[in-house]
Amino acid sequence: MQATDPRPSLKAPDMTNAFAPRILAAALLAASSATAFAHGDEGHAPKHTTFDASKVEATAFGQEGDPKKVTRTIRLSMADTMRFTPSEFTVRRGQTVRFLIHNDGNVLHEMVLGTPDDLKAHADLMKKFPEMEHSDPNMAHVKPKANGEIVWQFTQPGKFEFACLVPGHFEAGMVGKLTVQ
Ligand SMILES: [Cu+2]
6 MQATDPRPSL KAPDMTNAFA PRILAAALLA ASSATAFAHG DEGHAPKHTT
56 FDASKVEATA FGQEGDPKKV TRTIRLSMAD TMRFTPSEFT VRRGQTVRFL
106 IHNDGNVLHE MVLGTPDDLK AHADLMKKFP EMEHSDPNMA HVKPKANGEI
156 VWQFTQPGKF EFACLVPGHF EAGMVGKLTV Q
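In my numbering, the protein residues as written are 6 to 186.
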């Protein structure tokens, strides 16, 4: 885990060299035990991994979906007004959904699926460590004017959220609601 892909335009001013690698590693460890997210080192490159059923990890809000089993496509856009459009969805339990996400804005945005608690904890961590990298099946980092995609199977009923965890965006209200029935 290393910060090789900083987000220059979004870097908080007080974060320059503020943290020794050991502290960052500790924070990442804390993050992965406190939330459902495992932080990888794949940076923010577009998703290029292929689906591997043996690597799917179940979470409280579902699991990585098999692109071949998509039964619904949901299109949404992100804007620099810190909003997703639309910002509310209801899906059926068991459904595999392909989210096609377009970034209408001029800065990086991301879509991260999770429980409200997970997303809040993750957002707090991102604020402390803005250069923290993460790339998991439940998230898509979408560059300005580009497209991103998440394929997710909703195996658990409940009320979940999706949020942009670029530092400051979550706090500005960049979060949507997802109900699984
Ligand atoms: Cu954002």
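From the three backbone atoms N, C-alpha and C, an ideal C-beta is built for every residue, glycine too.
Exercise for review: Closer than 6 Å by C-beta to Phe175: which residues in its own chain qualify, once you throw out the five before and the five after it? Chain order, please.
Suggested key: Translated into positions along the sequence shown, residue 175 becomes position 170. Closer than 6 Å at the Cβ level, and outside the excluded window around Phe175, lie Ala128, Ala168.
Point to revise | Same chain only: Cβ atoms within 7 Å of Asp85, ignoring 5 sequence neighbours per side | key: Within the sequence shown, the letter at position 80 stands for residue 85. Same-chain partners within the cutoff: Gly110, Asn111, Val112.
**Study point:** Any non-hydrogen atom of ligand 1 closer than 7 Å to Met87 Cβ
**Key:** In the sequence shown, counting from the first residue as 1, residue 87 sits at position 82. Within the cutoff, so yes.
Exercise for review: Look up Arg103 in the DSSP assignment and give the residues it is bridged to.
Suggested key: Locating residue 103 in the sequence shown gives position 98, where the first residue counts as 1. According to DSSP, Arg103 bridges with Thr78, Val156.
Exercise for review: Please write down, chain order preserved, every residue whose beta carbon lies under 5 Å from a heavy atom of ligand 1.
Suggested key: His114, Cys169, Val171, His174, Met179
Practice item. Leaving out five residues on either side along the sequence, give the residues of the same chain with a beta carbon under 8 Å from the beta carbon of Met116. Key: Position 111 of the sequence shown holds residue 116. Counting only Cβ-Cβ distances below 8 Å, and skipping sequence neighbours, we find Leu81, Met83, Phe89, Phe104, Ile106, Met144, Ala145, Val147, Gly153, Ile155, Phe167, Ala168, Cys169.
Check your understanding: Taking Cβ to Cβ, would you say Ala63 is nearer than 8 Å to Asp71?
Key -> Working through the sequence shown from its first residue, we reach residue 63 at position 58. Working through the sequence shown from its first residue, we reach residue 71 at position 66. Not in contact: Ala63 and Asp71 (Cβ atoms no closer than 8 Å).
**Study point:** Classification of Glu136 by the beta-carbon crowding that lies within 10 angstroms, buried from 16 upward
**Key:** Counted from its first residue, the sequence shown places residue 136 at position 131. Flag for Glu136 reads buried.
Exercise for review: Report the residue from Val61, Leu118, Arg97, Gly173 whose alpha carbon sits nearest the alpha carbon of Phe134.
Suggested key: Here residue 134 refers to the residue found at position 129 when the sequence shown is read from its first residue. Per the Cα distances, Gly173.
Review point. Count the other CB atoms within 10 Å of the CB of Gln158; is the residue buried (16 or more) or exposed (fewer)?
Key: Looking up residue 158 in the sequence shown gives position 153. Buried, since its Cβ has 16 or more Cβ neighbours within 10 Å.
**Study point:** Among Thr101, Lys150, Asp122, Val75, the one whose alpha carbon lies nearest that of His114
**Key:** Within the sequence shown, the letter at position 109 stands for residue 114. Minimum Cα distance to His114 is reached at Lys150.
Exercise for review: Keeping to the same chain, check which residues put their C-beta closer than 6 Å to that of Pro142; ignore five residues upstream and five downstream.
Suggested key: Here residue 142 is taken as the residue at index 137 of the sequence shown, counted from 1. These residues qualify, in order along the chain: Glu69.
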